[in-house]
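J.:
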Amino acid sequence: MPPLPSDILAAIHGWDHAMLTNDADAIGRFMAPDWVIIGTDGSVDGRERFLSLIRSGDLTHDVMESRDIQVRLFGDVAFAVAEGTSGGQFRGQPFRLVERVSCLFHWSNGGWLCHSTHLSLIRAVPAEA
17 MPPLPSDILA
27 AIHGWDHAML
37 TNDADAIGRF
47 MAPDWVIIGT
57 DGSVDGRERF
67 LSLIRSGDLT
77 HDVMESRDIQ
87 VRLFGDVAFA
97 VAEGTSGGQF
107 RGQPFRLVER
117 VSCLFHWSNG
127 GWLCHSTHLS
137 LIRAVPAEA
């Protein structure tokens, strides 16, 4: 059965939920082995580094919300752009960011896997400690 746009929306919201659990294995289930993230500062990190930050507790999330999601579906490839709010702590420092998020997904074995996430800062929000 071919993927539907609703499938990618479910994956995006599932990823948001997994991030709130701060469970690296749950988060990793949404990532392709070659997943990369381009941060708001232009830095590039890979799947293992990102998940190691989650596992160690250096990176935790208490806010992860995607909204205004636009999806372009090209067979078994999807490109999604959304506005998102992420918040939590990075190495003990609180953060809250409103970002433009773009992700490239591939439909594989009945589910969506993300290969790339690119974040662009819209604005920082005062974070609570």
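Counting along the sequence shown from 1, when you hit position 5 you're at 21 in the working numbering, and nothing is skipped either side.
We put the beta carbon where it would ideally sit given N, CA and C, even for glycine.
So, using beta-carbon positions, are residue 125 and residue 76 closer together than 7 Å?
T.: No; because the gap between Cβ atoms is not below 7 Å, this pair is not in contact.
J.: From what residue to what residue does the beta strand (DSSP E) around residue 88 run?
T.: Residues 75-90.
J.: Tell whether a beta-carbon distance below 7 Å holds between residue 70 and residue 61.
T.: Cβ distance not < 7 Å, so residue 70 and residue 61 don't count as in contact.
J.: Label residue 145 either buried or exposed according to how many other C-beta atoms from any shown protein chain fall within 10 Å of its C-beta, with 16 as the threshold for buried.
T.: Bear in mind that the predicted position of residue 145 carries a pLDDT of just 47, short of 50, making it unreliable; the figure below should be weighed with that in mind. So residue 145 ends up on the exposed side.
J.: Tell me the DSSP bridge mates of residue 51?
T.: Bridge partners of residue 51: none, in fact.
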